[in-house]
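Student:
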Amino acid sequence: MKEVSRNIPAEVKRILRKEVNYGCPIESCGSPFLSYHHFNPPWHIENHHNPEGMIALCLHHHKAADNGAYTNTQLEECKKKPFLSGNDMLLGEIALKRENILFDVGGNYYLGASEIHLRKNEKLIWLEFDEKGHIMINLEIKDKGGEPIFSMINNDWIISTSLKDIESPPAMKMVKFSDNEKNIRLSIEYKIYSLESFIREYQTIIDIRRIYEIVQSLPKNDIVICKVRGLLQYPFHIHFKDGQTNFRNLKGPFTINGIFKLAEDATMEYFEIKDAFTIGDGTLIK
Ligand SMILES: [Zn+2]
Numbered sequence: 349m350k351e352v353s354r355n356i357p358a359e360v361k362r363i364l365r366k367e368v369n370y371g372c373p374i375e376s377c378g379s380p381f382l383s384y385h386h387f388n389p390p391w392h393i394e395n396h397h398n399p400e401g402m403i404a405l406c407l408h409h410h411k412a413a414d415n416g417a418y419t420n421t422q423l424e425e426c427k428k429k430p431f432l433s434g435n436d437m438l439l440g441e442i443a444l445k446r447e448n449i450l451f452d453v454g455g456n457y458y459l460g461a462s463e464i465h466l467r468k469n470e471k472l473i474w475l476e477f478d479e480k481g482h483i484m485i486n487l488e489i490k491d492k493g494g495e496p497i498f499s500m501i502n503n504d505w506i507i508s509t510s511l512k513d514i515e516s517p518p519a520m521k522m523v524k525f526s527d528n529e530k531n532i533r534l535s536i537e538y539k540i541y542s543l544e545s546f547i548r549e550y551q552t553i554i555d556i557r558r559i560y561e562i563v564q565s566l567p568k569n570d571i572v573i574c575k576v577r578g579l580l581q582y583p584f585h586i587h588f589k590d591g592q593t594n595f596r597n598l599k600g601p602f603t604i605n606g607i608f609k610l611a612e613d614a615t616m617e618y619f620e621i622k623d624a625f626t627i628g629d630g631t632l633i634k
């Protein structure tokens, strides 16, 4: 018989997340930090990844399930009638907090306080400090019509369960969502590097002089990078990719402030930014 890998296929996880409307299905829980439990049959009886015999649960309830807290009938009931509905709001947070974090927003790198505005007085991404000096990320993401769909205030995030996929593993260092109909996807992921692993991954992307400036400002064996990637449609098409950000269909008048050093040009249909960089307090263009 073919051996089944312990790794659960991504598609099975997606089905299980969606089934519970992205929150732990146990009564009164609704935690977005989901893990995946095999119950019918349990993994030690048979190695399988059949979604019908699996359920997404938070770590607390996963542990309880492993220790026999719920019958198969109860778990099947939870799969059919999860705690959250498809119209609820899902609340989560990023647990990771540091005084120094390198932000990598589609090839725009910044250390310290900074803001990205895409319209005057309308922020897209901005950083704040808590009372202990930790950097907290803030985002307001809207759909094409300008309706809010995802918001993060000082690392606490909120999103509607009506989206097509939302993923936030129990490590609380990442949140990812996508919706094909709205043509939107976003991932915010914090990664911890040693000096060696940071240089290995970034030396081909960031200029070596910049790497030197960055490592001067960060603790050597706890280099934290917050990567933002995705495709947004408001206020225009923005694509944050590895090493670059593209804008399309810019219709004026518009202002882009922050480290996106983009000149005002109402007729511009396509603009690409690579390796924009700031260190310290950030450069804001007024
Ligand atoms: Zn739970």
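So that you can map any letter, position 20 of the sequence shown is 368 in this note's numbering, and since no number is skipped, the others follow by simple counting. For glycine and all other residues, C-beta sits at the position ideal for the given N, C-alpha and C. Quick caveat, the model's predicted, so the values are computed rather than measured.
#1: Given a threshold of 16 other Cβ atoms within 10 Å of its Cβ, counted over all protein chains shown, does Tyr-550 qualify as buried or as exposed?
#2: With H, G and I counted as helix, E and B as strand and the rest as coil, what does DSSP make of Lys-331?
#3: Is it the case that the Cβ atoms of Glu-515 and Arg-354 are separated by a distance below 8 Å?
#4: Residues in its own chain within less than 7 Å of Val-563 by CB, not counting five upstream and five downstream?
#5: Could you give the first and the last residue of the continuous beta strand (DSSP E) run that contains Ala-417?
#6: What residues match up with His-385 in a beta bridge as DSSP calls it?
#7: I need the DSSP call for Ile-356, collapsed to helix, strand or coil.
#8: Going by the C-beta, is His-409 closer than 7 Å to any heavy atom of ligand 1?
#9: Measure the Cβ-Cβ separation of Leu-405 and Ile-374 and say whether it is below 8 Å.
#10: Below 8 Å, can you find three or more Cβ-Cβ pairs linking the region 476-492 to the region 441-451?
#11: Since Val-563 is in the alpha helix (DSSP H), which residue starts that stretch and which ends it?
#12: Short check: CB of Arg-577 to CB of His-585, under 8 Å?
#13: Is the beta carbon of Tyr-582 less than 8 Å from the beta carbon of Lys-521?
Tutor: Reading it off the structure:
#1: buried
#2: Given that the chain is displayed from residue 349 to residue 634, the structure contains no residue 331 and the question cannot be resolved.
#3: no
#4: Leu-543
#5: Unbroken run through Ala-417: none, as it is neither H nor E.
#6: Ile-403
#7: coil
#8: Flag set: Cβ of His-409 near ligand 1.
#9: Yes, Cβ-Cβ distance for Leu-405 and Ile-374 is below 8 Å.
#10: Touching, yes.
#11: 556-565
#12: no
#13: no
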